[in-house]
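Peer 1:
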Amino acid sequence: MSNSAGLFSSSLGRKYLMALTGLFLCSFLLIHLLGNVALFTDPVQFNEYTRFMSSNPIIRVMEIILVLGFLTHIVDAVMLSKANKAAQPVKYAMDRKQSSWYSRNMGLTGSIILAFLILHLQSFWYGYKFGDVAMTLDSSGAEIKDMFTMVVSAFSELWYSAIYVAAMLLLGTHLNHGFQSAFQSVGLRHKKYTPTIKKLGTAFAVAMTLGFISFPIYFYITQL
Amino acid sequence: MQELFDNIPEGPLADKWTKFKADAKLVNPSNRRNIDVIVVGTGLAGGAAAASLGEMGFNVKSFCFQDSPRRAHSIAAQGGINAAKNYQNDGDSTYRLFYDTVKGGDYRSREANVYRLAEVSTNIIDQCVAQGVPFAREYGGLLDNRSFGGVQVQRTFYAKGQTGQQLLIGAYQALSRQIHKGTVTMYNRHEMMEVVKIDGKARGIIARNLITGEVERHAAHAVVIASGGYGNVYFLSTNAMGSNVTASWKSYKSGAHFANSCFVQIHPTCIPVTGDHQSKLTLMSESLRNDGRIWVPKKKEDAQAIANGTKTALDIAEDDRDYYLERRYPAFGNLVPRDVASRASKERCDAGYGVNKTGQAVFLDFSAAINRLGKDAVEARYGNLFQMYEKITAENPYVMPMKIYPAIHYTMGGVWVDYNLQTAVPGLFAAGEANFSDHGANRLGASALMQGLADGYFVLPYTISNYLADDITTGEISTDHSAFEQSEKNVKERLDFFMNNNGSKTVDHFHKRLGKVMWEKCGMSRSRKGLEEALAEIKAIREEFWKEVKVPGVQNSLNQELEKAGRVADFIELGELMCHDALSREESCGGHFREEHQTPEGEALRNDKDYSYVSAWKYKGENQTPELVKEHLKFENIELKQRSYK
Amino acid sequence: MNLTLKVWRQKGAQDKGRIVEYKMSAISPDMSFLEMMDVLNDKLILKGDEPVAFDHDCREGICGSCSMYINGEPHGPENLITTCQLHMRSFKDGDTIYIEPWRAAAFPVVKDLVVDRSAFDAIIQVGGYVSVNTSGNTQDANAIPIPKVDADKAFDAATCIGCGACVATCKNSSAMLFTSAKISHLAHLPQGKVEAQQRALNMVEKMDELGFGNCTNTGDCEVQCPKGISLDNIALMNREFLSASLKAEK
Ligand SMILES: Cc1cc2nc3c(=O)[nH]c(=O)nc-3n(C[C@H](O)[C@H](O)[C@H](O)COP(=O)(O)OP(=O)(O)OC[C@H]3O[C@@H](n4cnc5c(N)ncnc54)[C@H](O)[C@@H]3O)c2cc1C
Ligand code: HEM
Ligand code: HEM
Ligand code: SF4
Ligand code: F3S
Ligand code: FES
């Protein structure tokens, strides 16, 4: 392996890919969260935002990139995890790791996030596109799919909200390790800056988790 | 009877090596790949030799008993390596290094060899830096030096307390490069068991694959023994557990002479023995004596109080401390050579001033240095050693003085070689600690690493080529030759014997007994009476060993007890030879201190008139007393003096 | 002290292996861990059993031979030491101690606690060196001043003893810490810079080929490394490899 085409088949190449897609997904999360804030502010605005998101050509392109990002991250994760399992076929009878649980279980937390994602897309994305969505009016008085109500009513279910909360907590651990890990993976480590990156990662993870959790909790409680 | 030729080139001392190189015969590059060389050992000497010979294009087979060549015991050397670079501008020169080494060796080494060593010493540093050895540097980016015992210049290059490691990794890297190129084939976990001679020349070895137990034949046009020292004859030493004399001993039995075997070095600063369970001793680098002061209490009561725990070193007032090295040797103080420092500790402890339970420990105290330089500076210099000490003893040396005691550390004696590092068997070479060549009766600190690398990188490539130039038409050596068959048979018989001898005692049991006899009677000080007793005791151990030794397991698998059994069998025989050697040398010199030969103040008394020779012993067969062959030493450039460090 | 040992016993590469329990008594806290193993082996030999095979040589923490996974940690409970530097005073009377070999596909068990670590040598062989012949006719050692910080960093990386604890503790059996230590040692020195990129490419490729896992930055290796080799080295390797891969022309 000494060419850049084969770069991503090497162990380090896979790490770069993991890191890049991971950070890319982080940026998606941030935007997604900000977009969702409209759920709290104004139903009409939220509905318009979703329409914009599903119709604007640039966003459509972004969506494809996003899907590719997820797919790459996931496929790469599966390949990495498989190779890593194969590298240590026999387990210790007694094993005491010093590292954090979440750093060792990125595959597990990732898989649960994936399961969540399937559920999530099935209810919102698929539901929005192909399902029966009630109609309402936008700010100019035209018809628009009432995503707001769909989301809000979904969260009236305890089990549904609970799954969200659990998944978001795991996402938080995934990010807490993943964010700083991505920098290390591409070699960005420095005595002076790395501690800051670590703090930033934790802050990001906490912000994302709390941010996303707030929706199911808020809407569940307000609909009790 | 004089039958040993040192083969020293004619001419003035300083020109000998240049002249040798100019006159040496070479092997044409296209012929080299048809010539096989076996190198036993991957320490500094063996690793460097195998790498260099491989680079030249010879077909090299390299052997070590560890699982990787990088683990040879050279890795453990701490303090540093000498070279006459004179970077410190303190008056150093090739001649001074040569002089110091001969003097340090108590005038029992060969001038020409030592001069060559001093001459190539500077190349070693250049070479190692080019290989990426990370020696200590000053802030200006240039190499730093420290001083070492026995000399008055700063010429020791170092890499914290891990100089040996860094140098060995350098050699290992050079070796790895050749393995990758295919010029060297590496045989890890192989133990050399026998030298094979055809028509009087060394033509191969028998080795045991330690994983499969298979006994293998390996042929070559020349064989290099670089298997390290034999300090483990004492059981407790600073050597690695696997360090052994087997390769050298088999060379001896195949006709090479074993020289100066009683010249062993006892290092003054090791961590004392704590109990019967002790399996090895740990060295605290000699560099510690740069800043540490050695003392015992002036009053016996104080020593006893410390030993039984009612007082500590800190309770002893300054005036009640006896800094005995500074007292006895004001010029060199704590930096006297090792043999002198060791004997002085023994003298104090024998007189009842020892400071631990066994009565065999003295203090090495850093409080003065910490006061003068600050704790940080001391930590920067010796941090890892202090840490190592604390791990082993659970005492903090920044607060409580270290306890130290001498221990066996290095063996100056070894396989006899001529100027070309060739033994008395043509085609059989010996390098590094395994040979006897450069250190006389006492080795100065930081000069073994120098010798190992000099032999491997810079001497053997020339001298072996010179030898092999006559072998270009020999063709491949066949392992079907009857000599291989015979040697292999001998090896197998011995292995079978061990496997089938259902004795009642472990190998270690005998090893420990041998070690005790050797330490007490052929250790720091020796007497005719003691040595004669030792000979009788070792004989008894030997007989019992062959009757009672128990080796469990099977031959055709990894069997560490079987490995040990073979090594201890050889150590027992070596122990006897050492006692013979010590008995025959009626003088005190360097590491060899005969109680009968001392000055009224207890200093060693050399006898240059009768004993300035190398005692090379020739094997005469099972149960025969070996024959002493003398190589008389000629001192043409140095005037023999009583060593004085006062 | 009285102890219960649970030791991995395996006759050879083909054998399945199992944990065997041994009771030890009268163990002195001053003993080193390996001396305690010597006591066990003495007992076994006199009973006519095979002693426990384990690698060891220098017994002072520098050769990298010793390799035991003790109570779930490579080289045992203390940090910054090797198994041979571990002393029994780190345990309590009545303790149960698990002793297992390094576990990694790239380090197959040879017998009992002995594993085959020749994969490490293979990684070094493809580029863990400066390609300079040993003629001694190089330039003067002081011709190129090297900033002390760089020399010190090179030294710190070069203190790796090749013990394999990093691989043993890594949940992915990754050899990144070991490999990066060598890459980093040489990359910090002007002598090693010339080949730095090719070295990184070759060594990483070899490492992958030998069946070591990927690093997922859990950091166990750094904690367990007896020589305190830092994750900084892995980051440096990641940088070197990235730029080398991008620059490589074929
Ligand atoms: C603790 C300690 C500290 C030291 N510090 C210093 C110092 O600061 N400065 C200094 O100059 N010197 C020092 N020395 C001395 C110096 O390290 C050694 O003398 C030197 O390294 C020996 O190198 P060598 O190549 O001859 O042998 P070694 O490095 O001992 O190598 C022996 C090789 O032979 C192999 N071998 C042995 N027997 C067999 C066999 N039968 N079959 C196959 N292979 C075999 C081994 O596997 C090994 O590869 C120190 C020594 C010790 C023990
Ligand atoms: C929004 C969703 C996700 C985000 C933001 C995210 C983010 C990240 C980040 C930043 C990393 C660190 C990369 C590195 O260390 O170089 C990472 C690693 C990882 N991710 Fe994700 N991820 C997400 C979803 C997933 C999913 C769905 C899976 C799996 C099915 C997954 C599996 C993994 C695995 C196994 C790693 C470990 C790789 C490593 O640490 O090197 N992730 N993720
Ligand atoms: C609880 C918090 C969340 C809410 C309320 C929410 C809401 C929504 C809604 C309404 C949509 C469809 C409309 C749109 O495209 O914006 C959507 C799409 C999507 N969500 Fe979420 N989401 C949440 C959390 C998450 C998380 C944690 C992830 C990632 C792991 C995620 C990933 C996605 C993806 C990939 C899409 C499809 C994107 C697209 O089509 O652009 N969501 N989400
Ligand atoms: S990096 Fe540390 S743990 Fe790994 S082999 Fe080197 S010394 Fe051992
Ligand atoms: S433990 Fe393994 S996951 Fe990486 S940080 Fe060390 S190699
Ligand atoms: S035996 Fe050498 S490091 Fe432990």
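Top to bottom, those sequences are chains F, R and U. For the first sequence, our numbering begins at 228 and goes up steadily by one. For the second sequence, our numbering begins at 1006 and goes up steadily by one. For the third sequence, our numbering begins at 40 and goes up steadily by one. The beta carbon of each residue, even a glycine, is placed where N, CA and C say it ideally should be.
(1) Applying the 10 Å Cβ sphere with the 16-neighbour rule, what's the burial state of residue 1627/R?
(2) Closer than 6 Å by C-beta to residue 238/F: which residues in its own chain qualify, once you throw out the five before and the five after it? Chain order, please.
(3) What number of angstroms, rounded off, separates the C-alpha of residue 1552/R from the C-alpha of residue 1513/R?
(4) Could you please give me the residues that DSSP links to residue 1270/R through a beta bridge?
(5) Less than 8 Å between the beta carbons of residue 242/U and residue 127/U, yes or no?
(6) Would you say residue 307/F lies against chain U (beta-carbon separation less than 8 Å)?
(7) If we require 4 or more residues per run, which alpha helix (DSSP H) segments fall completely within the stretch 1512 to 1567 of chain R?
(8) For residue 1637/R, count neighbouring Cβ atoms within 10 angstroms of its own Cβ and tell me buried if that reaches 16, exposed if not.
(9) Is there a C-beta anywhere in chain R that falls below 8 Å from the one on residue 63/U?
(10) For ligand 4, which residues have a Cβ under 6 Å from at least one heavy atom, in chain order?
(11) DSSP has residue 1203/R in a bridge; who is on the other side?
(12) Would you say residue 1416/R touches ligand 6, meaning its beta carbon is less than 7 Å from a heavy atom?
(13) Is any beta-carbon of chain R found at less than 8 Å from that of residue 187/U?
(14) Hey, residue 1050/R and residue 1436/R are a contact pair by Cβ (cut 8 Å); roughly how many whole angstroms apart?
(15) By DSSP's criteria, residue 1275/R is part of a beta bridge. Which residues make up the other side?
(16) Using a Cβ cut-off of 8 Å, which residues of the stretch 124 to 155 of chain U contact any Cβ in chain F, in chain order?
(17) With a cut-off of 8 Å, does the C-beta of residue 174/U fall near any C-beta of chain F?
(18) Can you name the residues that DSSP bridges to residue 1621/R?
(19) From the DSSP output, read off the bridge partner residues of residue 1043/R.
(20) Can you give the Cα-Cα distance for residue 389/F and residue 342/F, rounded to whole angstroms?
(21) Taking the beta carbon of residue 285/F as the centre, do at least 16 other beta carbons fall within 10 Å, making it buried, or is it exposed?
(22) When you compare each of 1451/R, 1584/R, 1585/R and 1608/R to residue 1595/R by their alpha carbons, which one comes out closest?
(23) Counting only the same chain and skipping the five closest in sequence on each side, list residues whose C-beta sits under 8 Å from that of residue 1275/R.
(24) Please determine whether the Cβ atom of residue 270/U lies at a distance below 7 Å from any heavy atom of ligand 5.
(25) Please name the residue, chosen from 1556/R, 1389/R and 1224/R, that lies closest to residue 1432/R on a Cα-to-Cα basis.
(26) Is it true that the CB of residue 433/F sits closer than 8 Å to the CB of residue 405/F?
(27) List, from N- to C-terminal side, the beta strand (DSSP E) runs of 3 residues or more that fit wholly inside the stretch 132 to 195 of chain U.
(28) So, with DSSP's three-state summary, where would you put residue 231/F?
(29) Alpha carbon to alpha carbon, how far is residue 281/U from residue 240/F? Give it in angstroms, no decimals.
(30) For chain U, is any of its Cβ atoms less than 8 Å away from the one on residue 322/F?
(31) Nearest CA to the CA of residue 223/U: which residue from 1625/R, 1534/R, 1138/R and 1368/R?
(32) Flag this pair as yes or no: are the beta carbons of residue 1161/R and residue 1087/R separated by less than 8 Å?
(33) Going straight from the alpha carbon of residue 1464/R to that of residue 1025/R, what length do you get?
(34) Between which residues of its own chain and residue 1633/R is the CB-CB distance below 7 Å, once the five residues before and five after are set aside?
(35) In angstroms with no decimal places, state the Cα-to-Cα distance between residue 364/F and residue 371/F.
(36) For residue 195/U, which residues in the same chain have their Cβ closer than 7 Å to its Cβ, ignoring the five residues on either side in sequence?
Peer 2: In this structure, then:
(1) exposed
(2) none
(3) 15 Å
(4) 1415/R
(5) no
(6) yes
(7) 1512 to 1526 and 1533 to 1553
(8) exposed
(9) no
(10) 199/U, 200/U, 201/U, 202/U, 203/U, 204/U, 205/U, 216/U, 217/U, 220/U, 264/U, 265/U, 266/U and 268/U
(11) 1206/R
(12) no
(13) yes
(14) 4 Å
(15) 1288/R and 1410/R
(16) 137, 139, 142, 143, 144 and 145
(17) no
(18) 1264/R and 1634/R
(19) 1066/R and 1228/R
(20) 14 Å
(21) exposed
(22) 1608/R
(23) 1243, 1286, 1287, 1288, 1289, 1409, 1410, 1411, 1412 and 1414
(24) yes
(25) 1224/R
(26) no
(27) 135 to 139 and 148 to 150
(28) Bear in mind that the predicted position of residue 231/F carries a pLDDT of just 44, short of 50, making it too unreliable to give a figure here.
(29) 8 Å
(30) yes
(31) 1138/R
(32) yes
(33) 10 Å
(34) 1589, 1620 and 1622
(35) 5 Å
(36) none
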